[in-house]
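Participant:
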Amino acid sequence: EPEPDARAANEEGIDRARKAFEEEKARKAAALERARAARNAAAEPAEPEPDARAANEEGIDRARKAFEEEKARKAAALERARAARAAAAEPADPEPDTRTSNEEGIDRARKAFEEEKARKAAALERARAARAEQGSDNVSADSGVDRARKAFEEEKARKQAALERARAARMDGQSQPEDTRSEEEKARKAAALERARAASGVDRARKAFEEEKERKAAALERARRASSDAYPGAANGTSRSEAGLDRAKQAFEQEKARKAAALERARARARAAGQAEAAEELGLGPNAGRGRGRGLGGFGSWQLGRGGLGARGLGGARGVGRGMFGGWAGGAQALTPGVLVRLYGLKAKPELNGMIGNCIAFDKSKGRWQVRLEERPQADMLFKEDNLQPVSVDEYEAAQAAAEGMDSRLADRLRCPAEHGMAVEVAAEVYECDVCEADIEVSTKLMYCERCDYAICEACSVEMLKREALKA
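Mapping the sequence shown onto my numbering, position 253 (from 1) lands on 1226, and the numbers just tick up by one.
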């Protein structure tokens, strides 16, 4: 059994070795924590700066160096402990049990040291692997960022090029539409001016028509009085003829009121469109010419239900026109809107020669006058100035009065197939002509036999009157 001093020395050496081991363990734990902190600090930025990376590597190297130094220090401490134990055991050998327990303690300490060493080595390897993986992630992240940046730049360049092309196309497209719009605007203004001029001519023609209408009414009354004086029996016609004349007068007044209302509506629309001012500044009349001698319903010259052929004359549209007006001298009168003219010298449409109409306006683009014919008021026509002969209103009135007197005598000679007398009436409903089987529109005049219910339209009546005139 060793002495108390030797035993105390052995235990003291073991304690110092254990203490040194614990201190080394604490240092290694602190070094490992610093390495982990450095690794975490290195992993935080997406792309660590070279200085930070170098600092991390330097910290790991310092930790490795400290570990080696600590390892050498522990080995030296262990050697010293062994030497101290050997020196303490030399005076007297300890008991086998004591020696065995001491060796067991040293073995446990060595085993714990090796385990700690292995654990720290594994932790170090893991730290290195993590750092290497972080570096590869940084490289891949950098490459992905570069690809994204490159794609963004390419898309930006493509959009810029598309924008430049769109701007160039818009500039090219604006240059042409502006020219087109300017031309369209000029054409629109020119058309509006022509319409205003035409409206001015129509107003003058309307005024002349109203004046001519009043003259014709007066001439008709004079012709009727003269006819009554020349043919007393004609003045004492049947009551049916007088009733037809009264109906014609009533229809005339109704048609006159209807036309006046329509004229007021047309004036209101013209004022709303801004065309009335142009007509008033030129001093034009308010009435639109519908041709002269058309009467009220359908016959070219019949006024108030009876009269005659007037401007048509005995030959209709082509027969008496020249005979009645052929001797008129209108060359001295200038052609202006509203002037009454006669057509002559037409070769393309000779059937129009002798017709009477009103000058509406002059078409500068075609060099022709716009004329509204009595026979065709629904559509204006264009004629050269060489084919238009101005007609004096006084001469026209005299010829119209003569024609009316002639027509009143001839109308009494018309008979239905049963030899009944015919009366001039205004159609209150649609009739069918018993000669040509054409429809007779409402508010148009016709020759009618009430006893036989026999109706004759305008065209057929004119032909019958013409034949009667030729027989006479």
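Where is the CB? At the ideal position from N, CA and C, for every residue including glycine.
1) Would you report the Cα separation of aspartate 1119 and phenylalanine 1125, rounded to the nearest angstrom?
2) Apart from the five residues on each side of it in sequence, which residues of its chain come closer than 7 Å, Cβ to Cβ, to asparagine 983?
3) Step through the CB atoms of chain C and report whether any lies within less than 7 Å of the CB of alanine 1139.
4) Quick one: grab the DSSP three-state call for aspartate 1407.
5) For arginine 1055, count the other beta carbons within 10 Å of its own beta carbon; 16 or more makes it buried, fewer makes it exposed. Which is it?
6) Give the straight-line distance between the Cα atoms of arginine 1424 and lysine 1339, rounded to the nearest whole angstrom.
7) Could you check the C-alpha separation between arginine 1140 and alanine 1011 for me, to the nearest Å?
8) Which residue comes first and which comes last in the beta strand (DSSP E) that contains valine 1314?
9) Tell me the DSSP bridge mates of leucine 1419?
10) By Cβ distance, which residues of its chain are closer than 6 Å to alanine 1014, with the 5 residues on each side in sequence left out?
11) How would you call methionine 1144, buried or exposed, if buried means at least 16 neighbouring beta carbons within 10 angstroms?
12) Under three-state DSSP, which class holds leucine 1361?
13) On the CB-based measure, 16 or more other CB atoms within 10 Å of its CB, does glutamate 1030 come out buried or exposed?
14) So which of Phe1356, Met1395, Glu1402 has the shortest CA-CA distance to leucine 1308?
15) Let me know the secondary structure DSSP gives leucine 1346 once reduced to three states.
16) Once the 5 residues before and after arginine 1000 are set aside, which same chain residues still bring their CB inside 6 Å of it?
17) Residues bridged to methionine 1079 by DSSP?
18) Here's a check: name, in chain order, each residue in its chain whose Cβ is nearer than 6 Å to the Cβ of alanine 1432, leaving out the five neighbours to either side.
19) Going straight from the alpha carbon of arginine 1007 to that of leucine 1051, what length do you get?
20) Since I believe cysteine 1389 is in contact with alanine 1411 (beta carbons under 8 Å), could you give me their beta-carbon distance rounded to a whole number of angstroms?
21) Excluding the five sequence neighbours on either side, which residues of its own chain have a C-beta within less than 6 Å of the C-beta of aspartate 978, listed in chain order?
22) Sort out for me which residues DSSP pairs aspartate 1336 with in a bridge.
23) Does the Cβ-Cβ distance between glutamate 1347 and isoleucine 1329 come in under 7 Å?
24) Using DSSP with H/G/I as helix, E/B as strand and the rest coil, what is alanine 1376?
25) Shortest alpha-carbon distance to leucine 1097 belongs to which of Ala1039, Lys1186, Lys1129?
26) Along the chain, where does the beta strand (DSSP E) containing alanine 1428 start, and where does it finish?
27) Identify whether asparagine 1326 lies in helix, strand or coil by the three-state DSSP scheme.
28) Indicate whether alanine 1036 and alanine 1004 have their beta-carbon atoms separated by less than 7 Å.
29) For the beta strand (DSSP E) that contains glutamate 1355, what are its first and last residues?
30) What is the DSSP secondary structure of arginine 1424, counted as helix, strand or coil?
31) Measure from the alpha carbon of alanine 1396 to the alpha carbon of each residue in Val1403, Lys1180, Ala1049, Ala1428, then state which is nearest.
Facilitator: Let me lay it out:
1) Taking the Cα positions, aspartate 1119 is about 10 Å away from phenylalanine 1125.
2) Arg1058, Ala1061, Asn1075.
3) Protein chain content of the structure displayed is limited to a single chain, and chain C is not contained in it.
4) DSSP, reduced to helix, strand and coil, places aspartate 1407 outside both helices and strands of the structure shown, so it counts as coil.
5) Arginine 1055 counts as exposed, since fewer than 16 other C-beta atoms from the protein chains shown sit within 10 angstroms of its C-beta.
6) Lysine 1339 has its alpha-carbon roughly 55 Å from the corresponding atom of arginine 1424.
7) Each residue's Cα considered, the two are about 57 Å apart.
8) 1313–1316 is the extent of the beta strand (DSSP E) around valine 1314.
9) For leucine 1419, which the question treats as bridged, DSSP gives the partners Glu1398.
10) Beyond the five residues adjoining it in sequence on each side, alanine 1014 comes within less than 6 Å, by CB distance, of no other residue in the same chain.
11) Flag for methionine 1144 reads exposed.
12) Leucine 1361: strand per DSSP, three-state reduction.
13) Glutamate 1030 comes out exposed.
14) When each option's Cα is compared against that of leucine 1308, the closest is Phe1356.
15) Of the three classes helix, strand and coil, the one that applies to leucine 1346 here is strand, per DSSP.
16) The residues Glu1043, in chain order, have a CB closer than 6 Å to that of arginine 1000 in the same chain once the five nearest residues on each side in sequence are set aside.
17) Residue identity check: residue 1079 is isoleucine in the sequence provided, not methionine. BP columns for isoleucine 1079 are empty, so no partner.
18) Around alanine 1432, the same chain offers no residue with a beta carbon nearer than 6 Å, after the five sequence neighbours per side are excluded.
19) Rounded to whole angstroms, the gap between the alpha carbons of arginine 1007 and leucine 1051 is 27 Å.
20) Going by Cβ atoms, the distance from alanine 1411 to cysteine 1389 rounds to 18 Å, so no, they are not a contact pair.
21) Excluding sequence neighbours, aspartate 978 sits near nothing in its chain.
22) Note: aspartate 1336 is bridge-paired with Arg1341 in the DSSP secondary-structure output.
23) Yes, these two residues count as a Cβ contact at 7 Å.
24) Reliability of the predicted coordinates at alanine 1376 is poor, the pLDDT of 49 falling under 50, and the value obtained from them is presented with this limitation in mind. Assigned with DSSP and collapsed to three states, alanine 1376 falls in helix.
25) Closest option to leucine 1097, Cα to Cα, is Ala1039.
26) Alanine 1428 -> beta strand (DSSP E) spans 1427–1429.
27) In the structure shown, asparagine 1326 falls within a coil segment according to DSSP collapsed to helix, strand and coil.
28) Note that the C-beta distance between alanine 1036 and alanine 1004 is below 7 Å.
29) The amino acid at residue 1355 is misidentified as glutamate; the sequence shows leucine. If you look at leucine 1355, you'll find it in the beta strand (DSSP E) that goes 1354–1356.
30) Reduced to three states, the DSSP call for arginine 1424 is coil.
31) Cα-wise, what sits closest to alanine 1396 is Ala1428.
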